[in-house]
Amino acid sequence: MQPKDRIVVALDVETPAQALSLVEQLCGLVGMFKIGKQLFTAAGPDIVRQVIGRGEKVFLDLKFHDIPNTVAAAGVEAARLGVSIFNVHSLGGSAMMRATVDAINDAAEREKLIKPLILAVTILTSHDQASLTELGIERSIPEQVVHLARLASAAGINGVVASPQEISPLRQAIDNPSFVILTPGVRPTGAALNDQKRVMTPGEAVKTGADYLVIGRPITSAGDPAAAAQKICEEIEQAVA
Numbered sequence: 080m081q082p083k084d085r086i087v088v089a090l091d092v093e094t095p096a097q098a099l100s101l102v103e104q105l106c107g108l109v110g111m112f113k114i115g116k117q118l119f120t121a122a123g124p125d126i127v128r129q130v131i132g133r134g135e136k137v138f139l140d141l142k143f144h145d146i147p148n149t150v151a152a153a154g155v156e157a158a159r160l161g162v163s164i165f166n167v168h169s170l171g172g173s174a175m176m177r178a179t180v181d182a183i184n185d186a187a188e189r190e191k192l193i194k195p196l197i198l199a200v201t202i203l204t205s206h207d208q209a210s211l212t213e214l215g216i217e218r219s220i221p222e223q224v225v226h227l228a229r230l231a232s233a234a235g236i237n238g239v240v241a242s243p244q245e246i247s248p249l250r251q252a253i254d255n256p257s258f259v260i261l262t263p264g265v266r267p268t269g270a271a272l273n274d275q276k277r278v279m280t281p282g283e284a285v286k287t288g289a290d291y292l293v294i295g296r297p298i299t300s301a302g303d304p305a306a307a308a309q310k311i312c313e314e315i316e317q318a319v320a
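Going by this note's numbering, the sequence shown opens with residue 80, and the numbers climb by one from there.
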């Protein structure tokens with residue numbers, strides 16, 4: 080995988096016009112664009128179609144979490160949109176994750192769809208140990224992330240969304256080299272942390288074993304997003320050289 084292919088730019092903006100402007104500026108410089116709850120709620124599935132229609136890949140970051148049938152049906156619709164990756168929340172449980180995998184496999188065979196990667200969200204990067212304890216989860220964050228990742232892997236999920244600090248424990252716990260780790264909480268050296276609490280630089284994250292890096296404001300709020308993306312590519316390239 081080329082360094083640029085690892086970068087997933089978070090289109091956490093208010094309007095389709097803002098999103099498409101960023102896509103135009105970053106076309107060919109990054110591997111994928113993340114469409115999350117803010118943009119999807121504002122613009123609907125048409126913004127996904129527009130980005131894909133420009134020849135770009137989309138990670139649909141809606142973190143589906145509901146009863147198994149509902150999440151499975153939503154996953155099939157995501158596949159029909161043509162997204163490359165979508166995610167479910169691992170706390171929805173094994174039955175929910177397995178139902179989604181089965182539904183995608185059936186729909187892909189029946190409708191000749193290209194199967195997207197299905198990733199399971201583990202513990203959000205805004206959490207720390209105190210907030211996990213507040214929720215009644217007594218395991219440490221790394222232990223809980225590994226536990227959820229094992230459930231996801233057993234259910235046939237392709238990988239997980241996890242913070243950079245859990246990459247190493249995950250690689251040790253999941254004996255599957257094709258298991259995908261996509262990580263938010265990535266901040267280039269000197270960038271503001273904002274609301275992220277468990278972070279790592281892009282070079283460190285890839286060197287530790289991340290496959291994909293979700294990066295938002297350090298690119299999208301930069302004066303020159305293309306130059307910011309290029310600088311991150313160079314940082315990744317140096318780290319893995």
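All residues carry an ideal CB built from backbone N, CA and C; glycine is no exception.
Pairwise C-alpha distance: residue 121 and residue 109: In the sequence shown, residue 109 corresponds to position 30, counting from 1. In the sequence shown, residue 121 corresponds to position 42, counting from 1. Taking the straight line from one Cα to the other gives about 24 Å.
Might you give, ordered along the chain, the residues of its own chain that have their beta carbon closer than 7 Å to the beta carbon of residue 307, omitting 5 neighbours on each side? As a position in the sequence shown, residue 307 is number 228, starting the count at 1. Closer than 7 Å at the Cβ level, and outside the excluded window around residue 307, lie 297, 298, 301.
Quick one: residues in its chain with C-beta nearer than 7 Å to the C-beta of residue 180, no 5 flanking neighbours on either side, listed in chain order? Here residue 180 is taken as the residue at index 101 of the sequence shown, counted from 1. Correct list, in chain order: 197, 234, 235, 236.
If you measure between the beta carbons of residue 127 and residue 102, is that distance less than 9 Å? What you label residue 127 is simply residue 48 of the sequence shown in a count that begins at 1. What you label residue 102 is simply residue 23 of the sequence shown in a count that begins at 1. Judged by their CB atoms, residue 127 and residue 102 are not nearer to each other than the 9 Å cut-off.
For residue 260, I'd like the list of residues in its chain whose CB is within less than 7 Å of its CB, leaving aside the five on either flank, ordered along the chain. To locate residue 260, count along the sequence shown from 1; it is residue 181. Within the same chain, residue 260 has close Cβ partners 238, 239, 241, 246, 249, 288, 289, 290.
Whole-angstrom C-beta distance between residue 113 and residue 98, which should lie under 8 Å: Here residue 98 is taken as the residue at index 19 of the sequence shown, counted from 1. Here residue 113 is taken as the residue at index 34 of the sequence shown, counted from 1. That pair is no contact at about 10 Å.
Is residue 273 buried or exposed, if buried means 16 or more other CB atoms sit within 10 Å of its CB? Stepping through the sequence shown from its first residue, residue 273 is reached at position 194. Since pLDDT at residue 273 reaches only 49, below the 50 mark, its modelled position is unreliable, and no value is offered.
Distance between residue 257 and residue 243 (C-alpha atoms, nearest Å): In the sequence shown, the residue the question calls residue 243 occupies position 164. In the sequence shown, the residue the question calls residue 257 occupies position 178. Residue 243 and residue 257: Cα-Cα distance of roughly 18 Å.
Less than 9 Å separating the beta-carbons of residue 199 and residue 176? The residue you call residue 199 lines up with position 120 of the sequence shown. The residue you call residue 176 lines up with position 97 of the sequence shown. Contact flag set, yes.
Report the rounded CA-to-CA distance for residue 275 versus residue 203, giving the unit in angstroms. Indexing the sequence shown from 1 puts residue 275 at position 196. Indexing the sequence shown from 1 puts residue 203 at position 124. Confidence at residue 275 is low in this model, with a pLDDT of 46, below 50, so its placement is unreliable and no value can be given for it.
Tell me whether the beta-carbon of residue 186 lies closer than 9 Å to the beta-carbon of residue 155. Position 107 of the sequence shown holds residue 186. Position 76 of the sequence shown holds residue 155. In this structure, residue 155 lies closer than 9 Å to residue 186 by Cβ.
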